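Here is the structure we will look at.
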Amino acid sequence: MAKRNQLDRRSRRRQLPQSGYTQLLQGNRLATARASNVDMHVKHCFEVCRAVKNKTAGEAVAYLNEVLRIDSDRADVRRKAAAVPYRLGSGNKRKRRSGPSMVGHRKGGIGPGRYPVKASRSIIKLIESAMENARFQYEDIDAEEMVITHIAAHRGPIRKGFIPRARGRATPSNHYRVNLEVFLEDMNAVGDELEDDF
């Protein structure tokens, strides 16, 4: 009976945002970084995380800087911006149309995609933080060649607010927040260890 109560308590807590990393820190020459309660939608962060996973840190930062070109004042720079492919539903739920088909298709054969500027800026900052952590932990490491083995975006707490309206009414104005985490791993060290074993 006590075990069942403990499981019930844990399942109730699961709805609340959890602290710490969601994955086990396993691997050699691993660097991590976290960002908590970043004010943006998890939907955009999820798609950006999916786009940069398994890339090297340098490639990921370069790719996200290409996405940020859309925010430029010059039209010739905006035209060269790279889009992030959107795979999850992001359409109009009221009209019973959803999914990536409701997002416009972009150049480059990626299919439906968008240019999530705010999410890209935050994830660039997070990856650069993990690279600095790697340089601090290991002196002989090339942080830009480290591979992003795990990057995730999880829903954080919602900061509720409202806008007062006429006749005593109010419109909700909530701020959605997200928790980000990234693991960088030095794959060159893994290859060197395998060579030493033979």
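The working numbering puts the first residue of the sequence shown at 1191, with every later residue one more than the last. Just so you know, even glycine gets a beta-carbon here, dropped at the ideal spot from N, CA and C. As the structure is a prediction and not an experimental result, all values here were calculated from the model.
- The alpha-carbon of Met-1336 is positioned some 14 Å away from that of Phe-1326.
- When secondary structure is reduced to three states using DSSP, Ala-1379 falls in the helix class.
- Each residue's CA atom was taken as its position, placing Arg-1268 and Arg-1357 some 44 Å apart.
- Secondary structure at Asn-1255: helix, using DSSP grouped into helix, strand and coil.
- Counting C-beta atoms within 10 angstroms of its own C-beta, Pro-1306 has 16 or more neighbours from the protein chains shown and is therefore classed as buried.
- Glu-1375 counts as buried, since no fewer than 16 other beta carbons sit within 10 angstroms of its beta carbon.
- Annotation: Ile-1314 to Ala-1250 spans about 8 Å, alpha carbon to alpha carbon.
- The continuous stretches of alpha helix (DSSP H) do not include Ala-1272, and DSSP gives it neither H nor E.
- Our two residues, Arg-1359 and Arg-1349, have alpha carbons roughly 19 Å apart in a direct line.
- When beta bridges are read from the DSSP output, Asn-1369 appears opposite His-1344.
- When the five nearest sequence neighbours on each side are left out, the beta carbons in the same chain lying within less than 8 Å of the beta carbon of Met-1230 are those of Lys-1308, Ala-1309, Ser-1312, Tyr-1366, Arg-1367 and Val-1368, in order along the chain.
- Between the C-alpha atoms of Glu-1371 and Arg-1240 there is a straight-line separation of about 13 Å.
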